[in-house]
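Numbering (this note's numbering), first residue to last: 1 to 341.
Below you can see the structure in the form of structure tokens.
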């Protein structure tokens, strides 16, 4: 009899404990779920209030390509990354607009082109500039392009579907990582939110967007020095080993232009003399061989295989031209002399 009572008491205690645990979880959920929904709403609909400038750049690209910021009618568009933005003044080139954005590889550049052609009349010419580094590694894909919804779910499915071209360049568990970004996972946004004290970034970001529109899609590159002899990223490579996925998207850009009867001109930006002298000969020859392959594959396009240098005094950091360099490069570009110095 005593044994039965003891078992009964234990069962009741276990039920009470289970009920307490369930109640606790309900209270936690009742607190966390509304908080998460508030966070999700804030991240999705108020990016100009919390984004720092580089993220605002990607927001601006996305919104422009969706038609929410006006892009004038042009016949030349520029695809590239920050080296192009720092080094070329689009306002000096008639009928042009720039879509270069820091850290872009051929993956992001392809989707810029794809989205542009979907929304706007095709240009006569696409100017494309990819630094050698960005044939070999990703930089902006996750924490800029995906984070700011520039890469859509359908875009990501297309990227993942490239099975024969898949490498480790996307990192571990890319599908799960993409889901976390789309769910506005706290870790991916908190730095910008804290930097702008939740809501203080709006005026600065609006001014930046106005400036980018004024610069015909360009972006200011602050903090550049009067001269720089530091070595750039490419000097750290022994060999030029392009990633299969990035090469595939480079080919997709060229193929898209060919299909749409758009002239394509590919060129690299200058590097500082100190970096040029430190480049591995194997890296340079590998890059030249790679570019010649595509020049032969697409004979109707102008595809330069040249890596070339400007003196260090024209660079503001290891990779980017300063104001003097920008003026020089823009002048030479408009005269068709960008490979001469």
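For each residue, glycine too, the CB sits at the ideal point set by N, CA and C.
Computed from a predicted model, the values in this text were never measured in an experiment.
Query: Evaluate residue 34 with the Cβ neighbour count: other Cβ atoms within 10 Å of its Cβ, from every protein chain shown; 16 or more gives buried, anything less gives exposed.; Result: exposed
Query: Below 8 Å, how does it come out for the stretch 50 to 61 and the stretch 134 to 151: are there three or more Cβ pairs, yes or no?; Result: yes
Query: For the beta strand (DSSP E) that contains residue 263, what are its first and last residues?; Result: 263 to 266
Query: Spatial neighbours of residue 241 within its chain, please: C-beta separation below 7 Å, excluding the five flanking residues on both sides.; Result: 136
Query: Going by C-alpha to C-alpha distance, which of 269, 252 and 277 sits closest to residue 294?; Result: 252
Query: Tell me, please, whether the stretch 256 to 265 touches the stretch 114 to 125 by the rule of three or more beta-carbon pairs shorter than 8 Å.; Result: yes
Query: Quick one: what does DSSP say residue 151 is sitting in, helix, strand or coil?; Result: coil
Query: So for residue 78, helix, strand or coil by DSSP?; Result: strand
Query: With a 10 Å radius around its C-beta and 16 neighbouring C-beta atoms as the bar for buried, classify residue 303 as buried or exposed.; Result: buried
Query: Is the stretch 72 to 88 touching the stretch 168 to 183, taking contact as three or more C-beta pairs under 8 Å?; Result: no
Query: Give me, in chain order, the residues of the same chain whose beta-carbon lies closer than 8 Å to that of residue 200; leave out the 5 immediate sequence neighbours on both sides.; Result: 49
Query: Who are residue 272's beta bridge partners in DSSP?; Result: 310
Query: Residue 279 to residue 232, Cα distance in whole Å?; Result: 9 Å
Query: For residue 224 versus residue 320, is the C-beta distance shorter than 8 Å?; Result: yes
Query: Once DSSP output is grouped into helix, strand and coil, what is the label at residue 194?; Result: helix
Query: Check for me: the beta strand (DSSP E) holding residue 298 runs from which residue to which?; Result: Element bounds for residue 298: n/a, residue is neither H nor E.
Query: Alpha carbon to alpha carbon, what distance is there between residue 37 and residue 43?; Result: 10 Å
Query: Buried or exposed, going by whether 16 or more other CB atoms sit within 10 Å of the CB of residue 96?; Result: buried
Query: Quick one: is residue 326 buried, meaning 16 or more other Cβ sit within 10 Å of its Cβ, or exposed?; Result: buried
Query: Taking DSSP as the reference, what is the three-state secondary structure of residue 138?; Result: coil
Query: Tell me the rounded alpha-carbon separation between residue 93 and residue 334.; Result: 7 Å
Query: State the CB to CB distance for the pair residue 108 and residue 141, rounded to an integer number of angstroms; the pair is presumed to be in contact (CB under 8 Å).; Result: 7 Å
Query: In the structure shown, what three-state DSSP assignment does residue 250 receive?; Result: helix
Query: Using C-beta distances below 6 Å, list every residue in its chain close to residue 236, excluding the 5 sequence neighbours before and after it, in chain order.; Result: none
Query: Who are the near neighbours of residue 8 in its chain, counting only those whose CB is closer than 7 Å to its CB and skipping five residues on each side?; Result: The predicted model places residue 8 with a pLDDT of 49, which falls under 50 and marks its position as unreliable; any figure quoted below should be read in that light. If we look at residue 8 and ignore the five residues flanking it on each side, it has no Cβ neighbours.
Query: Are the Cβ atoms of residue 112 and residue 127 separated by less than 8 Å?; Result: no
Query: Could you pull out every residue in the same chain whose Cβ sits closer than 8 Å to the Cβ of residue 268, ignoring the five residues on either side in sequence?; Result: 129, 130, 131, 132, 304, 306, 307 and 308
Query: For residue 175, count neighbouring Cβ atoms within 10 angstroms of its own Cβ and tell me buried if that reaches 16, exposed if not.; Result: exposed
Query: Going along the chain, which unbroken runs of the alpha helix (DSSP H) with 4 or more residues stay wholly within the stretch 96 to 127?; Result: 106 to 119
Query: What does a CB cutoff of less than 7 Å around residue 311 pick up in its chain, not counting 5 residues either side in sequence?; Result: 273
Query: Quick one: is residue 192 buried, meaning 16 or more other Cβ sit within 10 Å of its Cβ, or exposed?; Result: buried
Query: Less than 8 Å between the beta carbons of residue 254 and residue 162, yes or no?; Result: no
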